[in-house]
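In my numbering, the protein residues as written are 80 to 741.
Glycine is no exception: its CB is placed at the ideal position from the N, C-alpha and C atoms.
Please read the structure below before turning to the comments.
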Amino acid sequence: MLAGIDIGGTFTDLVSWEEGRVRIYKLPSTPENPEIAFFRGLEESGMSAASRVVHGSTVAINALLERKGARTALVTTAGFTDVLSIGRQVRPRLYDLMVEREEPLIPAELCFGVDERMDPRGEVLEPLGGRETRELAERLRKAGVEAVAVCLLFSFANPLHERLLDEALRSLDIRVCLSSSILPEYREYERASTVAINAYTATVVEDYMTRLGGGLGGRELEIMHSGGGTMSTGEAVTIPARTLMSGPAGGVVAAAGIAEAAGRRKAISFDMGGTSTDVSLIDGGVTLTAEGMVAGLPLRFPMIDIHSIGAGGGSIARVDAGGALKVGPHSAGAYPGPACYGSGYLPTVTDANVVLGRLMEEHFLGGRMRLYAGLSERALGGIAGTLGWSIKETAAGLLSVVLAHMAGAVRVITVDRGHDPADFTLVAFGGAGPMHCCEMAEILGISQVIVPTCPGTLSAMGLLMADRVKDRSRTLMLDLDGTSLGVAEELVEEMKGDAAEDWSGEAGGISYSPSLDLRYKGQSYELMVPVTGEGWDLESLRRRFHRAHRSRYGYELSGSGIELVNVRLRSHIPSEVALSQAAGTPRAGKFLGETGVAFGIIEGEREERTCPVFDREGLVPGDEIKGPCLVVEEDATTVVPPRWSGGVDFLGNMVLERYRTC
């Protein structure tokens, strides 16, 4: 048995896979000690016998967001200690005169410079002296730091001085992270930011992994990383910054697998949980980026391109000083949670859905957790009184606001990059995704929505579907021509040898995917272009770069020279877990009764409709679904509005489409 465990801000999701049989379980998270829900879920679900556990962790991202990491120092080349505070002269909001940048992760008093210098080719201009390193060690000891991030100028070309510092600082018995080991690429600020994040989160992640390892008693544990693959706990401890988008990455992997199996090349992954909404573009596969931003800080590891906003079922509603209704980004979390859970009192998106009849009080979490509609009405009453609206008008307004926020997030990854959302299928999951997907699709002009089986725990399923992945990269900074391609090809072969050693005897099952970071000469940003089946053909790579640039930025400069900046190699071992076909005889699902549900939210013309409620467990391939109706299951509820209909495909997915009436 294999088990996937995804810990979110509100719920912890578990999925087990055993010879094609899938079981799910969901329970409230324990944010202060996430391992409590981890082990409690294994015990309560009967998954304790799992031989391998794949985990989506929020420990690193929480430490970064809450600024609760290790007391960390930065060591740079003398004269460059302000690298984190200076950053890039890029305004996050061009016309905002009051914009405030994120505070540097490491304060100025903990940034130290050493006298040394390399040139861009890695030749030593000024050697690093032994006295210099001894003095640095003493200064760090007096500063009481718990971790050190080392990022010397041009160390990606020659790591000698960083390695000398590592040896000199070992006597301090603290974590030392070298940029030349973690990210041997050019761009000083991004490299410094990445290694700083890594050092800052290292001790927190190491402590957490130790607690998990002790409780699992020797069973194999793997961690999902932001690039869409899994890695060992040893790698997670060494490079914890790779786990920052661990949970959302699992959902995108699963959504991409479902889209491919269903024959949809173009899809949008829409994951709405209790705390956040995560969206990602799927165009023939997951979209990777090497220019990620997390908590306002650059992170240069290859990672799935995910856009996240603070909009989830637990997002708190309020009226601002100007009398406008606001929703999020703060969440009620796992505790106290939405008012309807019985412990909270703050009005949330989930409470609005309860008031509007979209969540059944007795069918939440398969009946294991009851909802209290009266408490939701009481929580929304304060806002209703302030606005002078009825309780249901307030609930409808709250949903309108959160739907607009989520549609805006989708436009960031589509319209802002030259894509029409109408060309894509929406793959909706997360505990709250199926409840809002059809209405959000209408806002965006999307005509088709896929709701997978077990949507509320799909991210945990994605953890099991993910390949085991290792990434390597090197900077070249050469003009793209036949000679530089030859150098890149030789470098890839060298990295393949290193990767095979890393896999420790598993080399027989490894697949390799090389790619190049390319840009027009004079540009300051590059695009990742895969080296596909056409291989190292110069003209083919040129054409694919021009197409990628036109797709991303809306134009190409076919007459301009191209630079080869970085060479990347992804090595991966495919997962043994795959999607399986659903079975059964069409019978239109199990009818659970009728209920009153409010629709017309996005049109601003709310109407109450009495509609049927079906148990999704009774739906099988070939069954038809016609709105308005609710489809409930253990981990989610799907709201099918009027003018939406569809059916169940061979995988068990609900495929819903909007139809027009004459």
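query, result
"Would K549 pass as a contact of S654 if the rule is Cβ separation under 8 Å?", "no"
"Could you name the residues of the same chain whose beta carbon sits closer than 6 Å to that of T366, not counting the 5 residues immediately before and after it, in chain order?", "L360, D384"
"How many Å lie between D495 and P721 at the Cα?", "30 Å"
"Alpha carbon to alpha carbon, how far is L459 from S469? Give it in angstroms, no decimals.", "9 Å"
"When the Cα of P199 is compared with those of V255, F233, L454, R172, which residue comes out closest?", "F233"
"Which of the three DSSP states, helix, strand or coil, is assigned to A315?", "helix"
"Taking P408 as part of the beta strand (DSSP E), name the residues at either end of that continuous run.", "404–410"
"Given a cut-off of 8 Å on the beta-carbon distance, is the pair T309 and R647 in contact?", "no"
"With V132 and L300 assumed to form a contact (beta carbons below 8 Å), what rounded beta-carbon distance in angstroms separates them?", "5 Å"
"Where does L176 land, buried or exposed, given buried means 16+ other C-beta within 10 angstroms?", "exposed"
"Out of L543, M607, S127, M514, point me to the one whose CA is closest to N432's CA.", "M514"
"By the DSSP assignment, the beta strand (DSSP E) with M607 in it spans what residues?", "606–609"
"Select from V94, H134, N141 the residue whose C-alpha is nearest the C-alpha of E111.", "N141"
"Would the beta-carbon of V481 fall within 8 Å of that of S394?", "yes"
"I185: which of L153, L730, L204, T91 sits nearest, CA to CA?", "L153"
"Evaluate contact between the segment 82–91 and the segment 344–356, counting only Cβ atoms and requiring at least three cross-stretch pairs below 8 Å.", "yes"
"Who are the near neighbours of T674 in its chain, counting only those whose CB is closer than 6 Å to its CB and skipping five residues on each side?", "G436, V692"
"What is the residue span of the alpha helix (DSSP H) that Y287 lies within?", "267–295"
"On the DSSP bridge assignment, give the partners of W96 in chain order.", "L81, V101"
"For G524, which three-state DSSP category applies?", "coil"
"Alpha helix (DSSP H) containing G476: first to last residue?", "470–492"
"Would you mind reading off the limits of the beta strand (DSSP E) that contains G135?", "131–135"
"Check K147 in the structure and name its three-state DSSP category.", "coil"
"Can you name, in chain order, every residue of its own chain whose Cβ lies under 8 Å from the Cβ of A335, other than the five neighbours on each side?", "A346, S348, I361, G364, V365"
"Is the beta carbon of V727 less than 8 Å from the beta carbon of L709?", "no"
"In whole angstroms, what is the alpha-carbon distance linking G731 and P531?", "7 Å"
"Considering Cα atoms alone, identify which of T465, G476, L425, G392 is closest to L438.", "G392"
"Using a threshold of 8 Å, state whether the C-beta atoms of L537 and F508 are closer than that.", "yes"
"Taking the C-alpha atoms as reference points, what is the distance between L564 and E572?", "12 Å"
"Using a Cβ-Cβ cut-off of 8 Å (strictly less than) and excluding sequence neighbours within five positions of E181, which residues of its own chain qualify?", "A374, G375, L376"
"If you draw a straight line from the alpha carbon of A157 to that of F191, how long is it in whole angstroms?", "8 Å"
"Taking all protein chains shown into account, do 16 or more other C-beta atoms lie within 10 angstroms of the C-beta of A501, making it buried, or fewer, making it exposed?", "exposed"
"Near G293, what residues of its chain come up, given a Cβ to Cβ distance below 7 Å and the 5 sequence neighbours on each side ignored?", "none"
"Using the Cα positions of V566 and L378, report the straight-line distance between them to the nearest angstrom.", "27 Å"
"CB A228 to CB A278, shorter than 8 Å?", "yes"
"Would you report the Cα separation of Q168 and A340, rounded to the nearest angstrom?", "44 Å"
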